[in-house]
Amino acid sequence: MTVPANSANIDWTRDGHPFSRQFDDVYFSRESGVEETRHVFLQCNRLSERWAGLSSGAHFTIGETGFGTGLNFLCAWQLWQQTAPSNAHLHFISCEKYPLTSADLSRALQLWPELAEFSRQLLAQYQVVSPGWQHFSFSSGRVTLTLLIGDVLATLPQLDAGKGIDAWFLDGFAPARNPDMWQPALYQQLVRLASPGCTLATFTSVGDVRRGLQAAGFAMHKTRGFGHKRDMLCGELRASPTPEWQPPWYGRPTSTNGPTDKTAIVIGAGLAGCATAHALALRGWQVSLIDRHNDLAAEASGNPQGILYCKLSAHDTALSRFILSAYSYSLRLLQSRLPVGETNWQPCGVLQLPGTAKEQQRQAALAASSLPDDLLQAVNSETASQLAGIPLDRGGLWFPAAGWVNPPALCRRLVEHPNISVLLHTEALTLQSGTDGWQVLNNHDSCVASAAHVVLCTAADTRQFIQTRHLPLKAIRGQISHLPATEESQALRTVLCADGYISPARLGEHHLGASFRFDRMDTEPSAEETLSNLDLLDSLAPALSNFWPQARTHSANLKARASLRCTSPDYLPLVGPVADAGQLLYRYAELGKDASKQPTAPAPWLNGLWVNCAHGSRGLISTPLSGEIIAAYLSGEPAPLPDDLLRALHPNRFVLRNLIRGKHQPPDKPIQPS
Numbered sequence: 001m002t003v004p005a006n007s008a009n010i011d012w013t014r015d016g017h018p019f020s021r022q023f024d025d026v027y028f029s030r031e032s033g034v035e036e037t038r039h040v041f042l043q044c045n046r047l048s049e050r051w052a053g054l055s056s057g058a059h060f061t062i063g064e065t066g067f068g069t070g071l072n073f074l075c076a077w078q079l080w081q082q083t084a085p086s087n088a089h090l091h092f093i094s095c096e097k098y099p100l101t102s103a104d105l106s107r108a109l110q111l112w113p114e115l116a117e118f119s120r121q122l123l124a125q126y127q128v129v130s131p132g133w134q135h136f137s138f139s140s141g142r143v144t145l146t147l148l149i150g151d152v153l154a155t156l157p158q159l160d161a162g163k164g165i166d167a168w169f170l171d172g173f174a175p176a177r178n179p180d181m182w183q184p185a186l187y188q189q190l191v192r193l194a195s196p197g198c199t200l201a202t203f204t205s206v207g208d209v210r211r212g213l214q215a216a217g218f219a220m221h222k223t224r225g226f227g228h229k230r231d232m233l234c235g236e237l238r239a240s241p242t243p244e245w246q247p248p249w250y251g252r253p254t255s256t257n258g259p260t261d262k263t264a265i266v267i268g269a270g271l272a273g274c275a276t277a278h279a280l281a282l283r284g285w286q287v288s289l290i291d292r293h294n295d296l297a298a299e300a301s302g303n304p305q306g307i308l309y310c311k312l313s314a315h316d317t318a319l320s321r322f323i324l325s326a327y328s329y330s331l332r333l334l335q336s337r338l339p340v341g342e343t344n345w346q347p348c349g350v351l352q353l354p355g356t357a358k359e360q361q362r363q364a365a366l367a368a369s370s371l372p373d374d375l376l377q378a379v380n381s382e383t384a385s386q387l388a389g390i391p392l393d394r395g396g397l398w399f400p401a402a403g404w405v406n407p408p409a410l411c412r413r414l415v416e417h418p419n420i421s422v423l424l425h426t427e428a429l430t431l432q433s434g435t436d437g438w439q440v441l442n443n444h445d446s447c448v449a450s451a452a453h454v455v456l457c458t459a460a461d462t463r464q465f466i467q468t469r470h471l472p473l474k475a476i477r478g479q480i481s482h483l484p485a486t487e488e489s490q491a492l493r494t495v496l497c498a499d500g501y502i503s504p505a506r507l508g509e510h511h512l513g514a515s516f517r518f519d520r521m522d523t524e525p526s527a528e529e530t531l532s533n534l535d536l537l538d539s540l541a542p543a544l545s546n547f548w549p550q551a552r553t554h555s556a557n558l559k560a561r562a563s564l565r566c567t568s569p570d571y572l573p574l575v576g577p578v579a580d581a582g583q584l585l586y587r588y589a590e591l592g593k594d595a596s597k598q599p600t601a602p603a604p605w606l607n608g609l610w611v612n613c614a615h616g617s618r619g620l621i622s623t624p625l626s627g628e629i630i631a632a633y634l635s636g637e638p639a640p641l642p643d644d645l646l647r648a649l650h651p652n653r654f655v656l657r658n659l660i661r662g663k664h665q666p667p668d669k670p671i672q673p674s
């Protein structure tokens with residue numbers, strides 16, 4: 001297995017400790033890494049006493065500047081379990097430029113058997129840790145870890161820390177070994193992200209570091225260091241700087257900071273709705289999940305086999321970066337929530353096979369990148385055939401951790417929580433806001449549910465609500481075909497993807513698809529689309545047609561399922577708060593004449609209204625992390641994605657783009673909220 005260029009390059013000392021070649025330095029004290037962490041970071045940030053005094057349901061955030069072996073995180077997690085209220089939530093955010101491979105991390109963590117309970121859980125989820133932001137959830141949602149993979153001076157400026165960092169672990173290799181990190185720019189970010197009363201601890205006592213932190217806004221003092229170190233530094237936030245201007249239309253509604261009424265309605269019980277309800281419930285929210293159908297996942301999320309299709313760009317696009325972070329999180333969620341099996345899901349791998357010269361170029365560029373082997377590998381036709389179990393005429397990209405999922409099974413598992421009430425066969429036609437929050441009315445204008453917040457996970461039907469009718473959502477019909485498994489077809493061991501896809505057998509059936517149609521919006525199966533799907537067999541692998549030689553002749557006997565996907569003009573989902581579109585245009589009309597203006601007027605939020613929709617055919621990958629984004633917004637927590645990606649997902653992006661491009665004419669006077 002090759003080590004990606006961005007991974008830690010490690011030597012191992014005679015006593016089994018990791019040593020960084022990149023920085024020519026140790027990861028922790030040779031005397032005792034655990035005791036060093038407890039002394040420097042846990043005790044000097046007074047975490048034991050602070051956590052014991054937390055109120056029920058409280059949230060605490062730690063920020064760290066070097067994840068390394070994860071030792072600080074594991075020790076903090078252990079202490080949190082011992083001292084914090086059982087329903088409090090710890091969010092640990094850590095930067096790491098050179099993450100350890102899973103093999104090196106496993107070897108390092110064997111040094112501390114007293115942390116084995118926590119190490120085992122971290123290692124189980126520590127896979128596909130690629131550049132970007134990686135999100136983890138532990139202890140039934142009680143502990144969250146967000147790894148910012150990249151240079152700390154590039155990642156921290158992109159962090160939306162919600163209510164702020166409560167304690168900083170200023171770690172990393174020694175200032176003399178890692179001078180690029182220990183800079184005034186870093187100290188300014190620590191202050192920018194800090195909450196009132198934030199504390200800081202670091203193992204070093206270097207004068208330049210102390211003076212830099214003081215200049216940034218921390219009150220610093222020396223205290224006894226660990227082991228042979230005479231001194232170390234502790235500090236507390238003295239004063240917060242004046243915040244820099246940020247586009248108010250991409251901000252957080254202020255009402256989300258410190259919610260007191262933790263009630264929410266989620267409309268739509270497909271993947272997006274169930275993932276959102278799950279993420280909120282883990283944080284102590286009381287959730288009413290409403291759907292008009294008689295069962296969960298009755299529309300586009302109802303296919304028997306959905307594919308974890310990680311289609312990445314060879315370029316660093318917003319969509320590709322989002323998919324990379326979301327894919328990893330979905331894998332972790334599946335592994336922790338849904339048992340592997342013939343009916344639920346199978347991490348059987350996915351082979352992406354090129355069908356055009358352009359696709360070959362994309363795959364070649366990705367294969368030449370520094371992405372880790374547990375994410376993707378380039379394979380030739382011989383290896384691809386061995387992986388697939390059937391003859392293939394070309395190689396492609398192999399995604400070993402991917403596979404197929406039964407979306408209804410995942411939805412059912414996600415809503416198995418005492419904080420979630422499921423209201424099926426319930427129409428939600430109108431939203432009505434008031435001083436106490438929101439009411440959802442049915443077709444008889446009767447209130448079916450009320451709460452402080454409403455999250456619309458209603459795909460293209462989101463436009464049926466007057467508050468969100470301005471969103472540019474598009475429905476796309478898709479049909480899959482069911483192929484009965486044969487003795488020969490059972491040999492197919494992995495998902496094959498090209499212009500379409502075919503899955504290994506599940507309960508005696510393969511699934512083939514899917515069509516894309518913009519001219520038809522019903523969900524009745526189409527004979528024409530069945531034949532079109534059968535044409536995909538040859539393009540995927542010529543051997544497939546031999547498994548079903550009579551399929552076209554008897555196509556009318558094949559089962560099929562059609563549904564409507566929802567997408568947006570830029571193919572990214574819409575995830576975030578909703579504003580009054582008319583007032584938004586009026587309030588920021590000056591941007592239509594000069595896009596460089598920096599308006600300070602707050603955005604006209606429809607407080608408590610949110611959307612999570614337009615996931616297209618990527619719902620298995622994109623909806624779990626999008627649910628986490630919504631839950632972070634509502635709870636005032638740090639966001640699991642960088643600020644530029646949050647803006648790329650923000651529902652306001654289309655109104656602002658069109659205003660700047662002159663495609664929206666601002667009104668002459670304010671429009672009253674609907």
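If you count by full-length UniProt numbering, then the sequence shown holds residues 1 to 674, one letter each, in order. Even for Gly, the Cβ is constructed at its ideal location relative to N, Cα and C.
> Leaving out the 5 sequence neighbours to the left and right, which residues in its chain are closer than 7 angstroms to residue 178 when beta-carbon positions are compared?
Replying inline: Against the sequence shown, residue 178 aligns to sequence position 178. Residues of the same chain with a CB within less than 7 angstroms of the CB of residue 178, apart from the 5 flanking positions on each side, are 23, 172 in chain order.
> Does the distance from the CB of residue 133 to the CB of residue 640 come in under 8 angstroms?
Replying inline: Reading the sequence shown from its first residue, position 133 is the one you call residue 133. Reading the sequence shown from its first residue, position 640 is the one you call residue 640. Contact: yes.
>> For a test of the three-state rule: what should DSSP assign to residue 25, helix, strand or coil?
In response: Here residue 25 refers to the residue found at position 25 when the sequence shown is read from its first residue. Of the three classes helix, strand and coil, the one that applies to residue 25 here is strand, per DSSP.
>> Using a Cβ-Cβ distance cut-off of 8 angstroms, determine whether residue 323 contacts chain C.
In response: Checking the listed chains, one finds no chain C in this structure; it contains a single protein chain.
> According to DSSP, is residue 97 helix, strand or coil?
Replying inline: Here the question's residue 97 lines up with position 97 in the sequence shown. The answer is coil: DSSP assigns residue 97 none of H, G, I, E or B.
>> I believe residue 98 touches residue 8 by the beta-carbon criterion, under 8 angstroms. Please report the beta-carbon distance rounded to the nearest angstrom.
In response: Along the sequence shown, one-based indexing puts residue 98 at 98. Along the sequence shown, one-based indexing puts residue 8 at 8. Their Cβ separation, rounded to whole angstroms, is 4 angstroms, which keeps residue 98 and residue 8 in contact under 8 angstroms.
> Does the segment 183-195 touch the segment 109-119, meaning 3 or more C-beta pairs lie closer than 8 angstroms?
Replying inline: Short answer: they don't touch.
> Per DSSP, which one or two residues make a beta bridge with residue 564?
Replying inline: Indexing the sequence shown from 1 puts residue 564 at position 564. Paired residues: 477.
> Looking at the structure shown, is residue 462 part of a helix, part of a strand, or coil, going by DSSP?
Replying inline: Translated into positions along the sequence shown, residue 462 becomes position 462. In the three-state DSSP reduction, residue 462 falls in the helix class (H, G or I).
> Counting only runs that start and end within the segment 532-584, where is the alpha helix (DSSP H) found for 4 or more residues in a row?
Replying inline: With a minimum length of 4 residues, the continuous alpha helix (DSSP H) runs that stay inside the segment 532-584 are 542-547.
>> Between residue 660 and residue 591, how many whole angstroms is the CB-CB distance? I'm expecting something under 8 angstroms.
In response: Reading the sequence shown from its first residue, position 660 is the one you call residue 660. Reading the sequence shown from its first residue, position 591 is the one you call residue 591. About 5 angstroms; that satisfies the 8 angstroms criterion.
> Closest to residue 603 by CA distance: which of 269, 65, 254, 594 is it?
Replying inline: Indexing the sequence shown from 1 puts residue 603 at position 603. For the residues 269, 65, 254, 594, the minimum Cα distance to residue 603 belongs to 254.
> CB residue 331 to CB residue 128, shorter than 8 angstroms?
Replying inline: Working through the sequence shown from its first residue, we reach residue 331 at position 331. Working through the sequence shown from its first residue, we reach residue 128 at position 128. Contact check for residue 331 against residue 128 passes: the beta carbons are separated by less than 8 angstroms.
> Grouping DSSP H, G and I as helix and E and B as strand, with all else coil, what is residue 257?
Replying inline: By 1-based counting over the sequence shown, the position of residue 257 is 257. Unreliable placement is indicated for residue 257, whose pLDDT of 42 sits below 50; the coordinate value is still reported in the next sentence. Coil at residue 257, not helix or strand.
> Would you report the Cα separation of residue 109 and residue 363, rounded to the nearest angstrom?
Replying inline: As a working mapping, residue 109 is identified with position 109 in the sequence shown. As a working mapping, residue 363 is identified with position 363 in the sequence shown. Rounded to whole angstroms, the gap between the alpha carbons of residue 109 and residue 363 is 35 angstroms.
>> Taking the beta carbon of residue 447 as the centre, do at least 16 other beta carbons fall within 10 Å, making it buried, or is it exposed?
In response: Numbered from 1 along the sequence shown, position 447 holds the residue referred to as residue 447. Residue 447 counts as exposed, since fewer than 16 other beta carbons sit within 10 angstroms of its beta carbon.
> Secondary structure at residue 612, three-state DSSP: helix, strand or coil?
Replying inline: As a first step, residue 612 is located in the sequence shown; it is residue number 612 there, counting from the start. Residue 612 carries a strand assignment under DSSP once its states are collapsed to helix, strand and coil.
> What's the C-alpha gap between residue 280 and residue 286?
Replying inline: In the sequence shown, counting from the first residue as 1, residue 280 sits at position 280. In the sequence shown, counting from the first residue as 1, residue 286 sits at position 286. About 8 angstroms.
>> Please return the same chain residues whose Cβ sits closer than 7 angstroms to the Cβ of residue 597, not counting the five positions on each side in sequence.
In response: Within the sequence shown, numbered from 1, the residue matching residue 597 stands at position 597. Answer for residue 597: 590, 591, listed in chain order.
>> Assuming residue 219 and residue 192 are in contact, meaning their beta carbons sit under 8 angstroms apart, how far apart are those beta carbons, in whole angstroms?
In response: To locate residue 219, count along the sequence shown from 1; it is residue 219. To locate residue 192, count along the sequence shown from 1; it is residue 192. The Cβ separation is near 17 angstroms, so there is no contact.
> Roughly how far, in whole angstroms, is the beta-carbon of residue 497 from the beta-carbon of residue 309, given that I think they are within contact range, below 8 angstroms?
Replying inline: Reading the sequence shown from its first residue, position 497 is the one you call residue 497. Reading the sequence shown from its first residue, position 309 is the one you call residue 309. Between residue 497 and residue 309 a beta carbon distance of about 6 angstroms is seen, short of the 8 angstroms cut, so the two are scored as contacting.
> Quick one: what does DSSP say residue 13 is sitting in, helix, strand or coil?
Replying inline: Against the sequence shown, residue 13 aligns to sequence position 13. In the three-state reduction of the DSSP assignment, residue 13 falls in the coil class, being assigned neither a helical nor a strand state.
> For residue 501, which residues does DSSP report across the bridge?
Replying inline: By one-based count along the sequence shown, residue 501 stands at place 501. Under DSSP, residue 501 takes part in a beta bridge, and its partners are 497, 513.
>> Quick check: the Cα distance between residue 417 and residue 504, rounded to an integer number of angstroms?
In response: Residue mapping note: residue 417 aligns to position 417 of the sequence shown, counting from 1. Residue mapping note: residue 504 aligns to position 504 of the sequence shown, counting from 1. About 31 angstroms.
> Mapping DSSP to helix, strand and coil, what is residue 439?
Replying inline: Counting from one through the sequence shown, the residue named residue 439 turns up at place 439. Of the three classes helix, strand and coil, the one that applies to residue 439 here is strand, per DSSP.
> Rounded to a whole number of angstroms, what is the C-alpha to C-alpha distance between residue 407 and residue 271?
Replying inline: The residue you call residue 407 lines up with position 407 of the sequence shown. The residue you call residue 271 lines up with position 271 of the sequence shown. Within the model, the alpha-carbon separation for residue 407 versus residue 271 is close to 7 angstroms.
> Under three-state DSSP, which class holds residue 454?
Replying inline: The sequence position of residue 454 within the sequence shown is 454, counting from 1. Three-state result, residue 454: strand.
>> Looking at the strands, I want to know which residues DSSP matches up with residue 224.
In response: Along the sequence shown, one-based indexing puts residue 224 at 224. Paired residue(s): 231.
>> Run through the DSSP bridge pairs and tell me what residue 346 is partnered with.
In response: Here residue 346 corresponds to residue number 346 of the sequence shown, with the count starting at 1. Looking at the DSSP assignment, residue 346 forms a beta bridge with 404.
> By how many angstroms is the C-alpha of residue 393 removed from the C-alpha of residue 676?
Replying inline: The requested residue 676 does not occur in the structure, where the chain is confined to residues 1 to 674.
> Between the segment 203-222 and the segment 230-244, are three or more C-beta pairs nearer than 8 angstroms?
Replying inline: Taking 8 angstroms as the limit for Cβ pairs, the verdict is that the segment 230-244 does touch the segment 203-222.
> From 374, 455, 370, 413, pick the residue whose C-alpha is nearest to that of residue 6; which is it?
Replying inline: Looking up residue 6 in the sequence shown gives position 6. Restricting attention to 374, 455, 370, 413, the CA atom closest to the CA of residue 6 is found in 370.
> Counting along the chain, where does the beta strand (DSSP E) carrying residue 399 start and finish?
Replying inline: Counting from 1 along the sequence shown, the entry for residue 399 is found at position 399. In the DSSP assignment, residue 399 falls within the unbroken beta strand (DSSP E) covering 396-399.
> Is it right to say residue 203 is buried, meaning 16 or more other beta carbons lie within 10 angstroms of its own, or is it exposed?
Replying inline: The residue given as residue 203 occupies position 203 in the sequence shown. By the neighbour-count rule (16 or more Cβ atoms within 10 Å), residue 203 is buried.
> Can you name the start and end residues of the beta strand (DSSP E) that residue 201 belongs to?
Replying inline: Your numbering for residue 201 matches position 201 in the sequence shown. Counting along the chain, the beta strand (DSSP E) containing residue 201 begins and ends at 194-202.
> Would you say the segment 482-492 touches the segment 289-298, given that touching needs at least three Cβ pairs under 8 angstroms?
Replying inline: No, because fewer than three Cβ pairs between the segment 482-492 and the segment 289-298 fall closer than 8 angstroms, the two stretches do not touch.
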